[in-house]
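Remarks on the structure that follows.
Numbering (this note's numbering), first residue to last: 7 to 359.
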């Protein structure tokens, strides 16, 4: 349940998973009635100008991220329908086996096993999400109970379906699209956690002012703990243009890195992203015991501005359009994703698939 709660925007509802700049929607153009057939080799022409060719290889690198996103969305639509059909047939088989209706089956396995969410859990959810909840805890208790209750019932149902899938040896044969891999440049100045020779390099493009980056932090820590010693985790600055405080926070964090305290500064920012004024960032540095005679000129003179610009340029070249954006051995995963999404990709890389 925790992974799903992390991406909730409370109304109580779910909207988007990443901070993104506003861009005009792509305009569709009418297809020509008789488009010429093309083959798929990299040296094949996709257009000609006075007989000079524009090759397929010239566009593939530029569009592979968008093409994968579309193919992946199509896959997810089909996969949801496959899962829906599998679930329906499993419930039918189990109900017939027990000689009861499917409703009676779900009542027995979900409704009868459900209990009300205890008060401490309601309070914990409110405290963790109160910046997105309107009203007091008392005003919100009933809504939170309904929301967490529906999540708990969903978990019970999912656990039961998973049990049936194992009993009936379900195998999904729908092919997944191949996720493209990118080369993200790494530099000696990059903040890094974990062994340098780890089999999996886990890169995060982050904006300290982005609420989805804050929301993803717990999941990132969970991933690093679960795969301790197996990941090289690399931080990249990607403050968006409409988040000027995020840029200043990145500059301050890199100044803290000069004194060996990047990760302490990084974590302190995400503990309180409401306080990102220059004075707040300097106060954090002092609280962490940094030498202020070094930190102050570094921060005020914007010593690391070029490093941040370089990260933004590198990220843009590999398809980063919003934050957070992650690369697992070069394969992109965008937005505040649940632990399971990271686990699937990391396990595949560790297994060499």
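All residues carry an ideal CB built from backbone N, CA and C; glycine is no exception.
All values derive from a computational prediction rather than experimental measurement.
- If the five residues before and after residue 129 are omitted, its C-beta is found closer than 8 angstroms to the C-beta atoms of 143, all from its own chain and listed in chain order.
- With a 10 Å radius around the Cβ and a threshold of 16 neighbouring Cβ atoms, residue 193 comes out exposed.
- Of all alpha-carbon atoms in 298, 237, 210, the one lying nearest the alpha-carbon of residue 343 is that of 210.
- With a cutoff of 8 angstroms on beta-carbon distance, residue 215 and residue 245 are scored as near each other.
- DSSP places residue 80 in no beta strand (DSSP E) but in the uninterrupted alpha helix (DSSP H) bounded by 62-104.
- The region 75-95 and the region 132-146 do not touch, with fewer than three beta-carbon pairs separated by less than 8 angstroms.
- Taken through DSSP and simplified to helix, strand or coil, residue 226 comes out as helix.
- Non-local beta-carbon contacts of residue 155 in its own chain, meaning distances under 8 angstroms to residues more than five positions away in sequence, involve 120, 122, 123 in chain order.
- With the rule of 3 Cβ pairs closer than 8 angstroms, the region 217-228 counts as touching the region 333-347.
- Beta bridge pairing from DSSP links residue 232 with no other residue.
- The residues 60, in chain order, have a CB closer than 7 angstroms to that of residue 53 in the same chain once the five nearest residues on each side in sequence are set aside.
- For residue 207, the enclosing beta strand (DSSP E) stretches over residues 206-212.
- Here DSSP, grouped into helix, strand and coil, assigns residue 216 to coil.
- Cβ atoms of residue 116 and residue 159 come within 8 angstroms of each other, at about 6 angstroms.
- By the Cβ rule, the region 299-315 counts as touching the region 254-273, because three or more pairs are nearer than 8 angstroms.
- For residue 238, the enclosing beta strand (DSSP E) begins and ends at 237-243.
- DSSP places residue 55 inside the beta strand (DSSP E), whose first and last residues are 51-55.
- If you ignore the 5 residues before and after residue 208, its C-beta comes within less than 6 angstroms of the C-beta of 237, 239, 334, all in its own chain and listed in chain order.
- The beta-carbon distance between residue 314 and residue 253, rounded to whole angstroms, is 6 angstroms. This is short enough to meet the 8 angstroms contact definition.
- For residue 281, there is no enclosing beta strand (DSSP E), as DSSP marks it with neither H nor E.
- Residue 256 and residue 243 do touch by the CB rule: their CB atoms are close to 4 angstroms apart, below 8 angstroms.
- Secondary structure at residue 342: coil, using DSSP grouped into helix, strand and coil.
- Inter-residue distance for residue 80 and residue 74 is about 10 angstroms (C-alpha atoms, whole angstroms).
- Inter-residue distance for residue 350 and residue 183 is about 14 angstroms (C-alpha atoms, whole angstroms).
- Contact check for residue 338 and residue 71: beta-carbon distance about 7 angstroms, within the 8 angstroms limit, so the pair qualifies.
- Exposure of residue 104 is indicated by the presence of fewer than 16 other C-beta atoms within 10 angstroms of its C-beta.
- Across the structure, residue 217 and residue 280 are spaced so that their CA atoms are roughly 10 angstroms apart.
- Residue 118 and residue 164 have their alpha carbons spaced roughly 15 angstroms apart.
- Nearest in C-alpha terms to residue 347, of all of 228, 250, 358, 325, is 228.
- Straight-line measurement puts the Cα of residue 321 at about 22 angstroms from the Cα of residue 230.
- In the DSSP assignment, residue 276 forms no beta bridge with any residue.
- Annotation for residue 334: the continuous beta strand (DSSP E) segment containing it runs 331-334.
- If you compare the alpha carbons of 268, 278, 324 with that of residue 294, the shortest gap goes to 268.
- The alpha helix (DSSP H) runs lying completely inside the region 129-212 and spanning 4 residues or more are 143-173, given in chain order.
- When the five nearest sequence neighbours on each side are left out, the beta carbons in the same chain lying within less than 7 angstroms of the beta carbon of residue 51 are those of 59, 60, 61, in order along the chain.
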